[in-house]
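Notes follow the structure.
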Amino acid sequence: MKRTILALLAVIALAACGGSSSSTETASAEPSHHDETTTAGAEQTALVPIGEAQIGDRSTCPVSGEEFVVTESSPTVTHEGRTYYFCCPHCAERFQANPAQFLQQQGATTESTEG
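Under mature numbering (1 follows the signal peptide of the UniProt record, and there is no 0), the residues of the sequence shown are numbered -23 to -1, 1 to 92, in order.
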């Protein structure tokens, strides 16, 4: 009986120690409204400003502020001749409903980083 309890405790201890890396995997494996490309290659390329990104570039979602890599499947909205890429369809819908709101936020961010 004691061996069974000790074996069980050992398994729990191993699971707890090994669980530190699996807990981040679990968090990233949870369903999200964001595309899985949000962090892919994020360290490999320079961040391209919102509204200037092209496929393959790393940019920032104008709505969520999340960095992601633009792919052919990234949602887009064209506004005043510029194509804006988004991390997920939900963000594209929010932008399309009120582009001025998100472009003002972007302008404030751009001005503060340029000055």
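Note that beta-carbon positions come from the ideal geometry of N, C-alpha and C, so glycine has one too.
Remember, predicted model here, so these are calculated numbers, not experimental data.
Shorter than 7 Å, the distance from the beta carbon of residue i to the closest heavy atom of the ligand ADP, or not?
i	result
Ile27	In the structure on display, the ligand ADP does not appear, and there are no ligands present to speak of.
So, with DSSP's three-state summary, where would you put residue i?
i	result
Thr44	The sequence shown places Glu at residue 44, not Thr. Strand, per DSSP.
Around the C-beta of residue i, are 16 or more other C-beta atoms found within 10 angstroms, so that it is buried, or is it exposed?
i	result
Ile32	exposed
Arg(-21)	exposed
Ser36	buried
Ala74	exposed
Gly18	Its pLDDT being 46, under 50, Gly18 is placed unreliably by the model, and the measurement read from it follows with that caveat. Classification of Gly18: exposed, given that the 10 Å Cβ count is below 16.
Within a Cβ cutoff of 6 Å, which residues of the same chain sit near residue i, ignoring the five residues on either side of it in sequence?
i	result
Thr1	Only weak support is given to the placement of Thr1: the predicted model assigns it a pLDDT of 42, under 50, and the question is left unresolved by the model.
Pro76	His56
Could you give the distance in angstroms between the alpha-carbon of residue i and the alpha-carbon of residue j?
i	j	result
Val47	Glu29	11 Å
Pro66	Ser51	8 Å
Cys38	Glu57	17 Å
Thr55	Glu49	15 Å
Gln81	Leu24	19 Å
Asp34	Met(-23)	60 Å
Glu70	Arg59	16 Å
Cys68	Thr22	23 Å
Gln83	Phe45	16 Å
Leaving aside the five residues before and after residue i along the sequence, list all residues of the same chain whose C-beta is less than 7 Å from its C-beta, in chain order.
i	result
Phe79	Pro39, Val40 and Phe72
Tyr61	Ile27, Gly28, Pro39, Thr53, Val54 and Phe72
> Taking the runs of the alpha helix (DSSP H) that are 4 residues or longer, which of them lie wholly in the stretch 60 to 87?
Replying inline: 66 to 74
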